[in-house]
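With our numbering applied, the sequence shown corresponds to residues 518 to 712, in that order. C-beta: ideal position from N, C-alpha, C; glycine also.
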Amino acid sequence: DHAPFVSDESLRDLPFGVFDDSFNHRRHKQENEPNWVALGNGRWKIAPAGGEFSFFEAKDQKKALSVNGPHGVPFERHAAKFHVSFIIGDDQPNFQSSQRIRTAGQACGYRFRVTQFECNSARSRVTIENVGIAPIYYDAYPAVNGLRSKQTLKGLLPNESQSFDVESGGSAPVLTVQSDRLVPGQEIQYEADLP
518 DHAPFVSDES
528 LRDLPFGVFD
538 DSFNHRRHKQ
548 ENEPNWVALG
558 NGRWKIAPAG
568 GEFSFFEAKD
578 QKKALSVNGP
588 HGVPFERHAA
598 KFHVSFIIGD
608 DQPNFQSSQR
618 IRTAGQACGY
628 RFRVTQFECN
638 SARSRVTIEN
648 VGIAPIYYDA
658 YPAVNGLRSK
668 QTLKGLLPNE
678 SQSFDVESGG
688 SAPVLTVQSD
698 RLVPGQEIQY
708 EADLP
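Pasting the structure below:
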């Protein structure tokens, strides 16, 4: 309401994300959602969107991850509507099980599913679908036996698939997703149900 973004298109063209400091509060649709719209409904395609659960009412935190949320909207539906990649919920361990928190976290951001993986002795082709609600915003490469594809998963939108060629194969190929932004021991996981 107080920043010049709405009136200055050149500012809205900058690739910044959105942080909603009261996600899921009672008047979110009337107060917060218009700001998301003003900044551009497609902004999530180029930069991360997220925020933190509201503290306006005690039940905003207490019921943030309950079946119907604090005000009748389940978290997963609200997250998908705004394509959030992250949400701060530091009080949630006081109200929810670690499994529920994990499930909610996995409902955010990208989620990769390998739908095809073929290889011969010298090369491989892997097809990956993003079954999440947002893209990955940094370069991440399918790799076979440690050799990366020249193409990146960056920007692969929800419900889109892409095929990647890798100049490595063999009889027991190992598929990973690599990124230079990962810390030691961290990995990008994926789903796969392949023969």
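Check                                                                                                                                         : Outcome
Mind checking who Phe603 pairs with in its DSSP beta bridge?                                                                                  : Gly567
Helix, strand or coil: which one does DSSP assign to Ile645?                                                                                  : strand
From Asn676 to Gly649, what does the alpha carbon distance come to, in whole angstroms?                                                       : 8 Å
Is Cys636 closer than 8 Å to Ile604 when the C-beta atoms are compared?                                                                       : no
Helix, strand or coil: which one does DSSP assign to Ser615?                                                                                  : helix
Okay, do the segment 632–646 and the segment 591–600 touch, 3+ Cβ pairs below 8 Å being the bar?                                              : no
Below 6 Å CB to CB, which residues in the same chain sit around Asp608 once its five sequence neighbours on both sides are set aside?         : Gln578
Hey, Tyr658 and Arg665: beta-carbon distance below 8 Å or not?                                                                                : yes
By how many angstroms is the C-alpha of Thr620 removed from the C-alpha of Glu704?                                                            : 18 Å
Give a yes or no on contact between the segment 683–699 and the segment 636–645, applying the rule of three or more CB pairs nearer than 8 Å. : yes
So, with DSSP's three-state summary, where would you put Ser527?                                                                              : helix
In the DSSP assignment, find the unbroken alpha helix (DSSP H) run with Ala575 in it and report its ends.                                     : 575–579
Look at the alpha carbon of Pro565 and the alpha carbon of His600, and state the distance between them as a whole number of angstroms.        : 8 Å
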